Every structure is written in C-alpha cells, then in structure tokens.
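Numbering (our numbering), first residue to last: 127 to 480.
For each residue, glycine too, the CB sits at the ideal point set by N, CA and C.
Here the structure is a predicted model, which is why all the values come from computation and not from measurement.
To start, the structure under review is shown below, and the notes come after it.
Right, dumping it as structure tokens:
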C-alpha cells in the first residue's frame with residue numbers, strides 16, 4: 127500500500143502539478159499575451175505605439191504557445207528528478223507527443239486532426255524519463271546514449287498511445303461540453319463542484335481541464351467552481367489569517383487549506399456549496415465561456431477571468447458575469463454558509479489558520 131501511495135504521488139500529483147506549471151509557462155502565458163495583444167490592437171486603440179506593443183504581445187503568444195509540448199516535457203522530467211540529459215531530451219519527447227494524435231471523423235463526415243496534447247505528453251514523457259534513467263550515466267558515451275534512448279523511447283510510446291489518448295480526450299471533452307449545453311443546470315453544478323474540489327486537492331485542476339479540452343459554458347462552470355473555492359476560503363478564513371492569508375488563497379491557491387480540511391472536513395462545505403450555485407448561474411444566466419487550462423486556474427493570478435475574457439472578447443454581460451460569478455457570489459455565499467455553520471458550532475475560530 128505504501129508503495130502504491132508513493133507512485134500515485136509521484137506520477138499523479140507531482141508530475142501532473144509540474145505539467146500544469148509547464149502549461150502555465152507556455153500555453154497559458156501565451157493566451158494572456160494574446161489577450162493583451164488583442165486589446166492593445168488597432169480595433170480598440172488608435173495609437174501606433176500602443177498597437178506596436180500589442181503586435182509584440184501577439185507575436186510572443188505564437189512562440190510561447192508553440193513551446194507548450196517542450197515546456198511540459200521538461201517540467202515533468204524535472205518533477206521526476208531526471209538527470210540533466212534525460213530532462214533536456216524530454217523537451218523533444220514533449221514536443222513529439224503533444225503534436226501526435228488521430229484523425230477524428232465528425233458526424234458531418236468531416237475529418238479533423240486532433241492531437242493528444244497535454245495528456246499524450248504526460249504519458250510519453252513519464253515513460254521516456256523512466257527508460258532514459260536506466261541508461262543515464264551508465265556509459266562513457268552518455269552524451270550520445272542517453273538522449274538517443276530517451277527520445278526513441280518517448281517517440282515509440284507516443285506513436286503507440288497518442289492516437290488512443292487523442293480519441294479518449296476528444297470524446298470525453300465532447301461529452302462534457304455537449305452535456306453541459308443540453309443540461310446547463312445539472313452539469314453546471316457537477317462541473318463547478320468537482321473541478322473546484324480538484325483545485326483544492328493536491329491535484330492539478332488546470333492540467334485535467336487542459337487534458338480533456340473543456341470549453342464553452344462547461345469551461346465557464348469550471349472557472350466558477352475554482353473561483354468559489356479560492357475566493358470562498360479567502361473570505362471565510364479572514365478572521366484566522368488576515369490580509370496575508372486572504373491574498374495567498376484568493377490570488378494564490380485554496381490548496382493551502384488542505385491540511386485543515388483533513389483535520390476538519392466541515393470547513394470545505396461553505397465554498398463547495400457556493401460552487402454548486404455559481405456554476406449554474408454561470409451556465410444559465412451569464413453563459414460564461416472558457417477553454418482548457420485557464421478553466422482550472424480560478425483566480426490564481428486572475429487567470430480564470432482572463433481566460434473568459436480571452437474567449438468571449440468583452441461585452442457588458444461578460445463583465446457583469448465575471449464580477450458576480452467569480453468574485454461577488456463566491457464571497458457572499460461562502461460567508462453566509464460559514465456564518466450559519468459557525469453559529470451552530472460546526473466551524474470554530476482557528477479552524478482555518480494557515
């Protein structure tokens with residue numbers, strides 16, 4: 127059992143968390159650059175200097191997002207404590223596996239190329255690291271042997287698994303996105319609660335959202351759930367942690383409360399109930415949309431709201447929705463549920479000290 131826990135932590139917590147950082151440093155930051163480029167462009171501002179800066183951000187977006195597979199490869203290898211040559215070789219493995227996939231035939235008869243993306247890179251890089259480490263520093267020509275073995279192993283695994291991974295991720299994401307369009311109330315609740323709880327757990331919600339390709343109003347529900355957890359915990363733990371804890375959770379991560387949740391699970395109820403309300407408010411009322419990794423970030427660095435902004439390109443309804451769904455409702459609802467639970471003694475002062 128201990129061995130199983132060790133490997134589960136290594137591959138599904140450490141490696142996945144590292145993958146999310148790799149995505150943040152490439153795909154996600156590229157999305158933010160693209161949003162800045164759009165709003166500094168000539169469609170919004172009639173100034174050549176500002177437009178030139180906008181063009182600079184747009185160009186950076188292209189290069190940053192193009193490096194997503196490589197960033198994931200190096201990030202995962204780093205988390206697995208790979209030797210330098212193995213780690214650097216995983217840049218190539220990540221790039222290969224991120225790009226491979228399968229041809230998906232749609233109901234219309236049209237065929238689209240769908241890559242395995244982050245999920246494919248996750249699988250291939252883990253295998254490449256473990257196989258590369260078997261030969262790393264074992265020969266006098268390590269500089270040739272280790273990269274060769276690592277890249278060949280990663281490529282072989284990618285060719286084997288990426289088509290299947292692409293199919294699974296496409297149809298899983300398609301099911302979730304379509305189901306949310308068909309049942310926005312029920313799916314809004316489920317997605318918001320589940321993704322929000324994953325955000326608080328030591329698992330990467332951003333990586334999971336990127337893997338399944340969540341998008342549209344399903345992505346908006348995910349943003350709502352993540353914001354509910356982060357803003358919710360920031361508000362209800364303010365008496366215990368002050369402004370430092372408020373910003374650490376509200377703009378950082380609600381994962382900081384995990385040790386307290388283990389000791390007293392009741393403290394998880396207020397933000398989770400808030401997520402069950404903000405999710406359907408997002409899907410039914412404001413129809414907020416978000417795609418991929420941004421959907422699983424919440425208010426961490428304001429990435430979730432920025433992702434919505436990038437996907438919806440403004441509008442009064444969007445701005446009002448962002449304000450209410452991502453900030454106002456999570457704070458108000460979480461505090462109301464917290465106040466009731468504190469009055470009944472289910473939550474006490476000091477339960478959420480960081």
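Buried or exposed: which applies to residue i, given that a residue is buried once 16 or more other Cβ atoms fall within 10 Å of its Cβ?
i	result
residue 249	buried
residue 263	exposed
residue 168	exposed
residue 466	exposed
residue 479	exposed
residue 330	buried
residue 174	exposed
residue 409	buried
residue 417	buried
residue 210	exposed
residue 324	buried
Got a sec, what are the start and stop residues for the alpha helix (DSSP H) residue i sits in?
i	result
residue 362	342-362
residue 128	128-134
residue 461	455-469
residue 163	155-165
residue 187	174-192
residue 480	Run containing residue 480: none; DSSP gives neither H nor E here.
residue 328	Neither: residue 328 is in no alpha helix (DSSP H) and is coded neither H nor E.
residue 143	141-149
I'd like the span of the beta strand (DSSP E) that includes residue i, first residue to last.
i	result
residue 231	227-231
Please name the residue, chosen from the options, that lies closest to residue i on a Cα-to-Cα basis.
i	options	result
residue 413	351, 468, 438	438
residue 229	351, 187, 295, 444	295
residue 341	211, 407, 305	305
residue 147	450, 429, 444, 459	429
Under 9 Å between C-beta atoms, does residue i make it to chain D?
i	result
residue 276	No chain D is part of this structure, which consists of one protein chain only.
Skipping 5 residues on each side, what residues in its chain have a beta carbon closer than 6 Å to that of residue i?
i	result
residue 202	141, 144, 145, 251
Looking only at its chain, what residues have a beta carbon closer than 7 Å to the beta carbon of residue i, apart from the 5 residues adjacent to it on each side?
i	result
residue 473	392, 393, 464, 467
residue 461	361, 362
For residue i, collect the residues of the same chain with a Cβ closer than 8 Å to its Cβ; drop the 5 residues on either side in sequence, then sort them by chain order.
i	result
residue 287	242, 246, 249, 250
residue 327	381, 384
residue 159	183, 184, 186, 187, 190
Would you mind listing the alpha helix (DSSP H) stretches within the stretch 425-450 that are 4+ residues and don't spill past its ends, in chain order? Within the stretch 425-450, the complete alpha helix (DSSP H) segments of 4 residues or longer fall at 429-438, 442-449, listed in chain order.
Quick check for students: name the residue ranges of the alpha helix (DSSP H) that lie wholly in the stretch 212-273, counting only runs of 4 or more. The stretch 212-273 contains, as complete alpha helix (DSSP H) runs of 4+ residues, the segments 243-261 (chain order).
Could you give the uninterrupted runs of the alpha helix (DSSP H) lying entirely in the stretch 364-422, keeping only those of 4 residues or more? DSSP assignment within the stretch 364-422 yields the following whole alpha helix (DSSP H) runs of 4 residues or more, N-terminal first: 364-376, 384-389, 395-406.
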